[in-house]
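A.B. asks:
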Amino acid sequence: MFRRPHHALELFRRLAFTPIPAGFRCASVVSARKARRTPSPSPSPPPPPPTIQPKLVLREYQEECIQAVVSFLETGHKRLGVSLATGAGKTVIFTHLIDRVPAVGHASQTLILAHRRELVEQAARHCSRTYVDKRVDIEMGNNHASGAADITVASVQSIVSGERLQKFDPSRYKLILVDEAHHIVSPSYLHVLKHFGLRYYADWTNAKVPALVGVSATLSRFDGRKLGAVIDHIVYHRDYLDMIDEGWLSDVTFTTVEMKADLTKVGTAANGDFQTSSLSKVINTDETNQLVVRAWLAKAKDRHSTLVFCVDLSHVTNLTAKFRKHGFDAQYVTGDTPAKIRSARIDSFRNGEFPILLNCGVFTEGTDIPNIDCVLLARPTKSRNLLVQMIGRGMRLHETKRDCHVIDMVSTLSTGVVSTPTLFGLDPDEFVQDMDAKSLKEQGERRELERQREGEVAKLVKEAPTKKLPGTIEFTDYDSIHDLIADGTSDQYFRSLSPNAWVSVGAGKLILSSNGGNYIKIEPSEGNEAQFVAKYYWRLPAIDKTKSPYGRARTIADGDSLEHVIHAADTFAGEVFEHMWIARNQAWRKRPASQAQIDFLNKSRPAEDQLKSGDVTKGKAGDMITRIKHGVKGRYEKAAAKQRSNDRMKQRAQTLRERLTGQTQVGPLAGTFNPKPSYRWKPPLLSLRTTHL
């Protein structure tokens, strides 16, 4: 038939340009010659219907969470937060939230922000599976989104790079979702939120801006920066203890192991946690690493998948070698591990191919390895957020495990360390042995009742100071006002929480002063929901001075956790004070006191007890002057006068009893003066309730 080539070319042209009917599926290309020689096959059976993925049924609390968000959005709120325990399915919730938030006019697009590659990829996978009819783009590294997709998942570091943010038209977006939203007040996030109009607005109800929903397991900041700057309402909270009780998370067994590391000299980083390099020098020793391995051998050698948290790269290397030296196949991943190798090791660990995976800073957020049945905390921290994130890695359910064993290596010294007992209201120094979460919670509740009883006794002691009840309150005796002013031992506790030179001035108050006379005061709050409040006092110019040389106090932070309030105050202090005048490790504080300082202190000292320049340092003298200026002397004298009055009342009662009964009781003789009031404030256990935004 095709004797001339141009006939074949003509047929090819016709075939090539003939429109293909809709739904036509090309299985193979068959030559026309072969088609003519081959007899027509019998009709093939109809193709099977397309496989439809079963729709995911949300858990009850996941549906409750979505409804809570939608309800608040319907009332006009724009900036919302959701607090969900690790393993609660945060990605599932915010993925399904997308279709529940209606478009507003032509604003129908959604942007999901995350700060790590794993979180971006995880969110993109969920969205692609959930919304097969929607376009999902990724903005990260070499992947450039179009800006027109229905859903864009972006790395916050990439989207703020260069001009990449400009292709996202704010007027076309209905929803901005932020994963691990406790990072939301960092500069990169604030830059993105400003682009979408979500930073400053007088009337959010009528604002033509996208809705903002931030999701996190730890909606608080350790550096004291308030999330309230960008999130107005926490609309839903689900605690991990509730999730364990209801069977949504794996049960957890806790063991604390005492290590002899001295953390008192470890520096504090800008975020309030330990300085990494300083911490590593103390923790990454052969003795401590050997103790870590021994603890694991004693408590968890039969566990299948152990995740170990280390301080830094050097610690990871040395501790990995220590495990291998004992014959165990231990692998590690760090931020420097090449992506392919890291993915391969994580997949192998997830498949149970080796028992121990060590890391530093990689698996604190957004990692889904449900088979983890042991978490070994080989790095101390002051951050409750970080502690919860690390423990959360082992709380996901998996068919191969009955529970997750958390082994917490803790220091015995008071350095502001947050350990697993503190999550349940127990003392940080309390050691626990193979206790589950329910038992720890019950023990914490018993301790709280005991603290309340002690508080009642302390209140009675305060009302009747002569009645000593040993074991219920901490007493410190001072022979003179000068001993009280010079005593800085109580400052050490607070300075373990802060890099700044906070001074305890009694009555539960802390002062941080600058060289210009301005200062910040932290004290127990009265008549407020928060337990502690920090206020800023600044000196008025001489021309403006009225009765007080200070302007009206400005409240800068409040909260239930003293630790968090201190960090918030530190953040503010860093913005208004010069660093050299408030930091406690400055060289000038170790130099001899100035003559002006000595002269000021000697004004209130007797002639036989005068100070000389070499007796105290500038830092010590400054702390003593702060105590004098903020009323320690007055409170001491008031307490001493009250004690003298009580002594006289006791003596009169004693005399009356002796006259009536003729008995003599052991005690001070009449007229004895004993000016030793109890004055040191025993710092409370840090509150673990949700921080006020």
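According to full-length UniProt numbering, the stretch in the sequence shown is residues 1 to 693, in order. Note that CB positions come from ideal geometry on N, CA and C, so glycine has one too. Here the structure is a predicted model, which means the values were calculated and not measured.
Pick out whichever of Ala103, Thr337, Leu307, Asn142 has its Cα sitting closest to the Cα of Cys404.
C.D. replies: Reading the sequence shown from its first residue, position 404 is the one you call residue 404. Measuring from the Cα of Cys404, the nearest candidate turns out to be Leu307.
A.B. asks: By the three-class DSSP mapping on this structure, what secondary structure does Gln109 have?
C.D. replies: Taking the sequence shown and counting its residues from 1, the one referred to as residue 109 is at position 109. Gln109 falls in the strand class under three-state DSSP.
A.B. asks: Between Asp312 and Ser280, which are expected to be in contact by the criterion C-beta below 8 Å, what is the C-beta distance as a whole number of angstroms?
C.D. replies: Working through the sequence shown from its first residue, we reach residue 312 at position 312. Working through the sequence shown from its first residue, we reach residue 280 at position 280. The Cβ separation is near 5 Å, so the contact holds.
A.B. asks: Quick test of your reading: Val406 and Asn359, contact by CB under 8 Å. State the CB separation rounded to the nearest angstrom.
C.D. replies: Along the sequence shown, read from residue 1 onward, the residue named residue 406 stands at position 406. Along the sequence shown, read from residue 1 onward, the residue named residue 359 stands at position 359. Contact doesn't hold; Cβ gap of about 16 Å is too wide.
A.B. asks: Would you kindly work out how many angstroms separate the C-alpha atoms of Thr276 and Leu56, rounded to a whole number?
C.D. replies: For the purposes of this step, residue 276 is identified with residue 276 of the sequence shown, where counting begins at 1. For the purposes of this step, residue 56 is identified with residue 56 of the sequence shown, where counting begins at 1. When rounded, the distance between both Cα atoms is 42 Å.
A.B. asks: Taking the alpha carbon of Gly619 as the reference point, which residue from Leu601, Arg591, Tyr131 has its own alpha carbon closest?
C.D. replies: Locating residue 619 in the sequence shown gives position 619, where the first residue counts as 1. The candidate whose alpha carbon is nearest that of Gly619 is Arg591.
A.B. asks: Going by the beta-carbon positions, is the gap between Ser305 and Phe254 smaller than 8 Å?
C.D. replies: The residue given as residue 305 occupies position 305 in the sequence shown. The residue given as residue 254 occupies position 254 in the sequence shown. No, Cβ-Cβ distance for Ser305 and Phe254 is not below 8 Å.
A.B. asks: Roughly how far, in whole angstroms, is the beta-carbon of Lys382 from the beta-carbon of Asp273, given that I think they are within contact range, below 8 Å?
C.D. replies: Here residue 382 corresponds to residue number 382 of the sequence shown, with the count starting at 1. Here residue 273 corresponds to residue number 273 of the sequence shown, with the count starting at 1. Right, the Cβ-Cβ distance comes to about 5 Å (below 8 Å), so this counts as a contact.
A.B. asks: Going straight from the alpha carbon of Asn289 to that of Leu377, what length do you get?
C.D. replies: Translated into the one-based positions of the sequence shown, residue 289 becomes position 289. Translated into the one-based positions of the sequence shown, residue 377 becomes position 377. Their Cα atoms are separated by approximately 12 Å.
A.B. asks: Using the Cα positions of Ala321 and Asn284, report the straight-line distance between them to the nearest angstrom.
C.D. replies: What you label residue 321 is simply residue 321 of the sequence shown in a count that begins at 1. What you label residue 284 is simply residue 284 of the sequence shown in a count that begins at 1. Using only the alpha carbons, I get a separation of about 12 Å.
A.B. asks: Using the beta-carbon count (16 or more within 10 Å), is Pro102 buried or exposed?
C.D. replies: By 1-based counting over the sequence shown, the position of residue 102 is 102. Pro102 comes out exposed.
A.B. asks: Within 8 Å, do at least three Cβ pairs link the region 207-217 to the region 66-83?
C.D. replies: Yes, they touch.
A.B. asks: Hey, Asp179 and Val215: beta-carbon distance below 8 Å or not?
C.D. replies: Sequence index remark: in the sequence shown, residue 179 carries index 179 (1-based). Sequence index remark: in the sequence shown, residue 215 carries index 215 (1-based). Yes, these two residues count as a Cβ contact at 8 Å.
A.B. asks: Between Gly516 and His564, what straight-line distance do the alpha-carbon atoms span, to the nearest angstrom?
C.D. replies: The residue you call residue 516 lines up with position 516 of the sequence shown. The residue you call residue 564 lines up with position 564 of the sequence shown. One C-alpha to the other measures close to 26 Å.
A.B. asks: Just to check my reading of the structure: Val112 and Val153 have Cβ atoms closer than 8 Å, yes? What is that Cβ distance to the nearest angstrom?
C.D. replies: As a working note, residue 112 is residue 112 in the sequence shown. As a working note, residue 153 is residue 153 in the sequence shown. In the sequence as presented, Val is not what sits at residue 112; that position holds Ile. That pair is a contact at about 5 Å.
A.B. asks: Does the Cβ of Leu297 have 16 or more other Cβ atoms within 10 Å, making it buried, or fewer, making it exposed?
C.D. replies: Working through the sequence shown from its first residue, we reach residue 297 at position 297. Leu297 comes out exposed.
A.B. asks: Since Asp302 sits in a beta bridge, which residues does DSSP pair it with?
C.D. replies: Start at 1 with the first residue of the sequence shown, and residue 302 comes out as number 302. Answer is none; Asp302 lacks a bridge partner.
A.B. asks: Return the chain-ordered ranges of every beta strand (DSSP E) run that is complete within the region 298-343 and spans a minimum of 3 residues.
C.D. replies: Taking only runs of at least 3 residues, the beta strand (DSSP E) segments lying wholly in the region 298-343 are 306-309, 330-333.
A.B. asks: Once DSSP output is grouped into helix, strand and coil, what is the label at Tyr189?
C.D. replies: The count along the sequence shown starts at 1 and reaches residue 189 at position 189. It is helical.
A.B. asks: Span of the beta strand (DSSP E) holding Val153?
C.D. replies: Along the sequence shown, one-based indexing puts residue 153 at 153. Unbroken beta strand (DSSP E) run through Val153: 151-155.
A.B. asks: Going along the chain, which residues of its own chain have a beta-carbon closer than 7 Å to the beta-carbon of Phe323, five neighbours each way excluded?
C.D. replies: For the purposes of this step, residue 323 is identified with residue 323 of the sequence shown, where counting begins at 1. Val293, Ala330, Ile356.
A.B. asks: Compare the Cα-Cα distances from Glu121 to each of Asp137, Tyr131, Val282 and report the closest residue.
C.D. replies: Numbered from 1 along the sequence shown, position 121 holds the residue referred to as residue 121. When only C-alpha atoms are compared, the closest one is Asp137.
A.B. asks: Report the rounded CA-to-CA distance for Lys265 versus Arg384, giving the unit in angstroms.
C.D. replies: As a first step, residue 265 is located in the sequence shown; it is residue number 265 there, counting from the start. As a first step, residue 384 is located in the sequence shown; it is residue number 384 there, counting from the start. Their backbone Cα atoms lie some 21 Å apart in a straight line.
A.B. asks: Leaving out five residues before and five after Ile625 in sequence, what residues of the same chain have Cβ atoms less than 8 Å from its Cβ?
C.D. replies: Taking the first residue of the sequence shown as 1, we reach residue 625 at position 625. Once the five neighbours on either side are set aside, the close Cβ partners of Ile625 are Gln597, Phe600, Leu601.
A.B. asks: Taking 8 Å as the threshold (C-beta atoms), are Leu175 and Thr130 in contact?
C.D. replies: Here residue 130 is taken as the residue at index 130 of the sequence shown, counted from 1. Here residue 175 is taken as the residue at index 175 of the sequence shown, counted from 1. Not in contact: Thr130 and Leu175 (Cβ atoms no closer than 8 Å).
A.B. asks: Here's the rule I'm using: 16 or more other beta-carbon atoms within 10 Å means buried, otherwise exposed. How should Thr205 be labelled?
C.D. replies: Within the sequence shown, numbered from 1, the residue matching residue 205 stands at position 205. Exposed, because fewer than 16 other Cβ atoms sit within 10 Å of the Cβ of Thr205.
A.B. asks: For a test of the three-state rule: what should DSSP assign to Met390, helix, strand or coil?
C.D. replies: Taking the first residue of the sequence shown as 1, we reach residue 390 at position 390. In the structure shown, Met390 sits in a helix (DSSP, three-state: H, G or I).
A.B. asks: Check for me: the beta strand (DSSP E) holding Met140 runs from which residue to which?
C.D. replies: Along the sequence shown, read from residue 1 onward, the residue named residue 140 stands at position 140. Met140 -> no beta strand (DSSP E), and no H or E assigned at all.
A.B. asks: Give me the residue from Val282, Asp408, Arg396 with the minimum Cα distance to Leu387.
C.D. replies: As a working note, residue 387 is residue 387 in the sequence shown. Checked all of Val282, Asp408, Arg396; the closest Cα to Leu387 is Asp408.
A.B. asks: Which residues does DSSP pair with Asp251 in a beta bridge?
C.D. replies: The sequence position of residue 251 within the sequence shown is 251, counting from 1. For Asp251, which the question treats as bridged, DSSP gives the partners Asp403.
A.B. asks: Under 7 Å: does the beta carbon of Lys134 sit that close to some heavy atom of the ligand ATP?
C.D. replies: Judged by which ligands are present, the structure shown has none, so any question about the ligand ATP falls away.
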